[in-house]
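Residue numbers (the numbering used here): 366 to 554.
Positions of the beta carbon are idealized from the N, C-alpha and C atoms, including for glycine.
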C-alpha cells in the first residue's frame with residue numbers, strides 16, 4: 366500500500382513539475398526575476414517544514430502525518446489556477462503556493478524517514494528499498510510525460526487538476542487499506 370501511495374503522489378508531482386514554471390511565466394505572466402524571487406522566498410517553507418516536521422510526525426504518527434501532507438498537496442497543485450491576478454500582482458500568490466508546497470514536502474519526507482526500515486526485515490531491506498524506489502521514483506518521469514501530453518492537448522491548468530487527483534487517489538488507497546488504523550510504526554521488523 367505504501368508503495369502505491371508513494372507512486373501515486375510522485376506521478377502527480379511529476380505532472381505538476383512539468384508545467385508549473387511554464388504556467389507561472391506564460392499564463393500568469395510573472396517576470397522571470399520575480400519568479401526566481403518567489404522560488405527563493407517560497408523555499409523558506411522547507412526550513413519551516415524542517416522545524417515543525419518532527420512535531421507533526423509525533424502528533425499524528427508517521428503514516429498519518431505523511432498521508433495528511435500528501436492530501437494537502439492538492440492545495441498547491443490547483444492553487445496556481447486560482448491566482449486572481451497576472452504579472453507582478455501574482456507574485457504573493459505564487460510565493461505562498463511555493464511556500465506551502467515546500468512545507469508539505471519536507472514534513473512528509475521527515476515523517477516517512479525510517480518507515481520502511483522499521484517494516485522490512487534487515488535481510489531484505491536492500492531489495493525492498495531498490496524495488497520501492499524504482500516504482501515510486503519511476504512514477505515521476507511518467508507523470509511528467511503525462512503532464513506534457515495533457516498540456517499539449519488541453520492546458521497546463523488541466524494538468525494541475527489531474528495532478529491534484531493523484532494525491533487524492535493516494536488518500537483513498539490509504540483510507541481503504543488496513544494501514545489507516547496504524548498510528549505508530551513498530552520499532553523492529
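Just verifying my parser: in three-state terms, what is the DSSP assignment at residue 474? helix
Exposure of residue 429, with buried meaning 16 or more beta-carbon neighbours within 10 Å: buried
Please report how far the alpha carbon of residue 424 lies from the alpha carbon of residue 475, in whole angstroms. 13 Å
With distance defined between alpha-carbon atoms, name the residue in 369, 378, 366 nearest to residue 507. That would be 378, whose Cα lies nearest to the Cα of residue 507.
Tell me the rounded alpha-carbon separation between residue 470 and residue 463. 11 Å
Between the alpha carbons of residue 395 and residue 538, how many angstroms are there, rounded? 37 Å
Using only the alpha-carbon positions, how far apart do residue 489 and residue 388 sit? 43 Å
If residue 380 and residue 511 are in contact, beta carbons under 8 Å, what's the gap, nearest whole angstrom? At roughly 6 Å, the Cβ-Cβ gap stays under 8 Å, so residue 380 and residue 511 are in contact.
Apart from the five residues just before and just after residue 500, which ones in its own chain have a Cβ nearer than 8 Å to its Cβ? 368, 371, 372
Reduced DSSP category for residue 366 - H, G, I as helix; E, B as strand; rest coil: coil
Minimum C-alpha distance to residue 472 - residue among 532, 452, 433: 433
So residue 384 and residue 521 are supposed to be a Cβ contact under 8 Å. How far apart are they, rounded? Right, their Cβ atoms sit about 4 Å apart.
Buried versus exposed call for residue 491 [16 or more other C-beta atoms within 10 Å across all chains shown]: exposed
What does a CB cutoff of less than 7 Å around residue 513 pick up in its chain, not counting 5 residues either side in sequence? 383
Which listed residue (408, 465, 413) has its alpha carbon closest to that of residue 437: 465
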